[in-house]
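18 is the number of the first residue of the sequence shown in the numbering used here; add one for each residue after it.
Have a look at the structure below, then the notes.
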Amino acid sequence: MEKETMYDNCLTKEEMEAKRRAGNRIQIIDVRNPEEFQEKHIPGAMNIPLGELEKSVLKFDSDVLLVTACGKGGGRSAKGAETLRQAGFQSAWLCGGTFGWFD
């Protein structure tokens with residue numbers, strides 16, 4: 018069996034919404050820089066740039082699924098989800114990223 022990599026833990030917008038409807042608490046964390054976040058972001062998303070994520074983990078509840086997002090999804094967001102997973106949180110990254118959310 019292959020070892021799971023950080024790029025395997027991607028949720029689509031639809032999968033995330035289904036989890037939310039099923040009663041899961043979810044927080045979207047946009048890991049882009051503040052300028053990118055200001056241009057366009059998912060409503061309700063929290064902006065914590067990737068480089069600041071590790072020192073910000075105390076802000077999160079352990080029973081919340083943390084879903085990271087970047088622009089297109091898979092680069093910074095996958096790294097962010099892995100950082101959160103290594104810190105002991107439930108995490109995934111958003112397939113398609115912020116731009117895909119609005120398509």
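A virtual CB, placed ideally from N, CA and C, is assigned to each residue, including glycine.
Only a predicted model underlies this, so the values are computations on that prediction, with no experimental measurement involved.
Q: Have a look at ILE59, GLY117, ASN50, PHE77 and flag the residue whose alpha-carbon is nearest the alpha-carbon of GLY91.
A: Residue mapping note: residue 91 aligns to position 74 of the sequence shown, counting from 1. Among ILE59, GLY117, ASN50, PHE77, the Cα nearest to that of GLY91 belongs to GLY117.
(Q) With distance defined between alpha-carbon atoms, name the residue in GLN55, ILE65, GLU52, SER108 nearest to VAL81. (A) For the purposes of this step, residue 81 is identified with residue 64 of the sequence shown, where counting begins at 1. Restricting attention to GLN55, ILE65, GLU52, SER108, the CA atom closest to the CA of VAL81 is found in SER108.
Q) Is SER108 helix, strand or coil by DSSP? A) Translated into the one-based positions of the sequence shown, residue 108 becomes position 91. It is a strand residue.
Q | ARG38 versus GLU32: straight-line alpha-carbon distance, rounded | A | For the purposes of this step, residue 38 is identified with residue 21 of the sequence shown, where counting begins at 1. For the purposes of this step, residue 32 is identified with residue 15 of the sequence shown, where counting begins at 1. About 10 Å.
Q: Would you give the residue range spanned by the alpha helix (DSSP H) that ALA98 belongs to?
A: Here residue 98 corresponds to residue number 81 of the sequence shown, with the count starting at 1. Per DSSP, ALA98 is one residue of the alpha helix (DSSP H) stretching across 93 to 103.
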